[in-house]
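Protein chains in written order, with the working numbering: chain A, 76 to 178; chain B, 76 to 178.
Beta carbons: idealized from backbone N, C-alpha and C, even for Gly.
Please read these numbers as outputs of a predicted model, since none were measured by experiment.
There are 2 protein chains.
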Amino acid sequence: MDLSAQLTAVASPQRMRIIAELAHEPLHVSELARRVGMSRALLYMHTKKLEEAGFISSELLLSDEGKAMRQLRVEDFHLIVNQETIRQAVETFQALDNEEGAS
Amino acid sequence: MDLSAQLTAVASPQRMRIIAELAHEPLHVSELARRVGMSRALLYMHTKKLEEAGFISSELLLSDEGKAMRQLRVEDFHLIVNQETIRQAVETFQALDNEEGAS
DNA sequence: CCCATGTGTAAGTTTATACTAACAGATGGA
DNA sequence: TCCATCTGTTAGTATAAACTTACACATGGG
Chain A
76 MDLSAQLTAV
86 ASPQRMRIIA
96 ELAHEPLHVS
106 ELARRVGMSR
116 ALLYMHTKKL
126 EEAGFISSEL
136 LLSDEGKAMR
146 QLRVEDFHLI
156 VNQETIRQAV
166 ETFQALDNEE
176 GAS
Chain B
76 MDLSAQLTAV
86 ASPQRMRIIA
96 ELAHEPLHVS
106 ELARRVGMSR
116 ALLYMHTKKL
126 EEAGFISSEL
136 LLSDEGKAMR
146 QLRVEDFHLI
156 VNQETIRQAV
166 ETFQALDNEE
176 GAS
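As C-alpha cells, this is what we get:
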C-alpha cells in the first residue's frame with residue numbers, strides 16, 4: 076500500500092470521523108453507523124477503504140444474544156508527510172510504472 | 076486550512092510528482108509541465124490546489140529575455156497523521172459545523 | 001509579419017467517488 | 001408468526017475531481 080493510497084483513504088472527513096469514533100472504543104458496524112449518522116451501505120464502502128489501507132481492522136464476534144457482529148477497531152499508525160517521504164513515494168510508483176511498461 | 080483539505084491536496088500521485096520535481100529545484104510553469112508530462116491547463120489546476128494548501132508558492136519573475144514567468148517552489152511542511160492528529164481535526168470541523176448550524 | 005516562447009482561463013467531457021434504495025439472509029424474543 | 005436486531009451486497013444515481021480542447025494575450029527574434 077503506497078503513501079498516495081493511504082493518504083487518499085484517510086483524507087476524507089467522513090473517514091476521519093470513523094477513525095476518531097473507533098479510537099474512542101471498538102464498535103460493531105450498526106452501532107458505528109448510528110453514531111456517525113450514515114447508512115450501513117455507505118459505511119461499508121468507507122470502512123472497506125480504511126481497512127485496505129491498514130487504518131482499521133475487523134473481527135467477527137458473537138454477541139451475548141448469539142448474534143454475529145463485526146467489530147471494528149483502529150490500528151496503530153503514524154504517517155509523516157514531508158518533502159522526503161513524498162520523494163520516496165514518487166520513486167516507488169515510478170519504479171512500478173517502469174515494470175508495467177517493460178512487459 | 077484543515078488537515079483533511081491538506082491531505083486531499085497532497086494525496087494525488089500527480090501532485091506528489093509535482094512536489095518532488097519542485098523539491099529538486101524551483102521551476103517556471105511551462106518547464107514543470109514538460110518535466111511531469113502534462114498540459115499547462117491541467118498543471119494549473121494541480122498547482123492551484125497545492126498552493127491553496129500551502130505546499131508550494133509562486134512568484135512572478137522576469138526572465139533574461141524580458142518575458143514574465145511564474146516560478147514555483149516548494150514550501151517547508153511536515154504533516155503527521157495518527158490517531159491524535161485525526162481526533163483533533165475531527166473536533167475542529169465539528170466545531171465549524173456547529174457555527175454554521177447555529178445561524 | 002510570423003513564429004516560438006511564455007502567460008492565464010473558460011467550457012466541455014470523461015472518469016472516479018460518494019451516496020441512496022433495495023434486496024436477501026440470520027438470530028432471538030413477544 | 002411477526003418484529004426487531006444484526007449481517008452483507010448489488011445496482012443505480014448524483015456529485016466531485018480529473019483531464020482535454022480551445023481560446024486570448026504578451027515578448028523577442030528571424
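C-beta atoms of HIS103(A) and MET76(A) nearer than 9 Å: Within the first sequence, residue 103(A) is the residue found at index 28, counting from 1. Within the first sequence, residue 76(A) is the residue found at index 1, counting from 1. No. Outside cutoff.
Chain B contact residues for SER79(A), given Cβ-Cβ distances below 8 Å: Here residue 79(A) corresponds to residue number 4 of the first sequence, with the count starting at 1. The contacting residues are ALA86, SER87, PRO88, MET91.
Chain A within 9 Å of LEU154(B), Cβ atoms only: Residue mapping note: residue 154(B) aligns to position 79 of the second sequence, counting from 1. Chain A contact via Cβ: present.
Cβ of GLN158(A) within 9 Å of any chain B Cβ: Translated into the one-based positions of the first sequence, residue 158(A) becomes position 83. For GLN158(A), the answer is yes, since a Cβ of chain B falls inside 9 Å of its Cβ.
Beta-carbon separation (whole angstroms), VAL165(A) vs ARG92(B), contact threshold 8 Å: For the purposes of this step, residue 165(A) is taken as residue 90 along the first sequence, with counting starting at 1. For the purposes of this step, residue 92(B) is taken as residue 17 along the second sequence, with counting starting at 1. With 8 Å as the limit, VAL165(A) and ARG92(B) qualify as a contact, their Cβ atoms being about 5 Å apart.
Beta carbon of LEU125(B) nearer than 9 Å to that of LEU78(B): Counted from its first residue, the second sequence places residue 125(B) at position 50. Counted from its first residue, the second sequence places residue 78(B) at position 3. Against a cut-off of 9 Å, the Cβ pair of LEU78(B) and LEU125(B) comes out as no contact.
Cutoff 9 Å: ARG110(B) Cβ touching any chain A Cβ: By one-based count along the second sequence, residue 110(B) stands at place 35. Answer no: the Cβ-Cβ gap between ARG110(B) and chain A never drops below 9 Å.
Beta strand (DSSP E) segments (min. 3 residues) lying fully within the segment 115 to 171 of chain A: 131 to 137, 143 to 149, 154 to 156
Test: LEU82(A) CB closer than 9 Å to a CB of chain B: In the first sequence, the residue the question calls residue 82(A) occupies position 7. At least one chain B Cβ lies under 9 Å of LEU82(A).
Touch test, the segment 96 to 115 of chain A against the segment 94 to 103 of chain B, Cβ-Cβ under 8 Å, three pairs minimum: no
Own chain residues within Cβ distance below 8 Å of SER178(A), not counting five before or after: Walking along the first sequence from the start, residue 178(A) turns up at place 103. Because the pLDDT of SER178(A) is 46, which lies under 50, any placement of that residue in the model is unreliable, and the number read from its coordinates should be weighed accordingly. Nothing meets the Cβ criterion.
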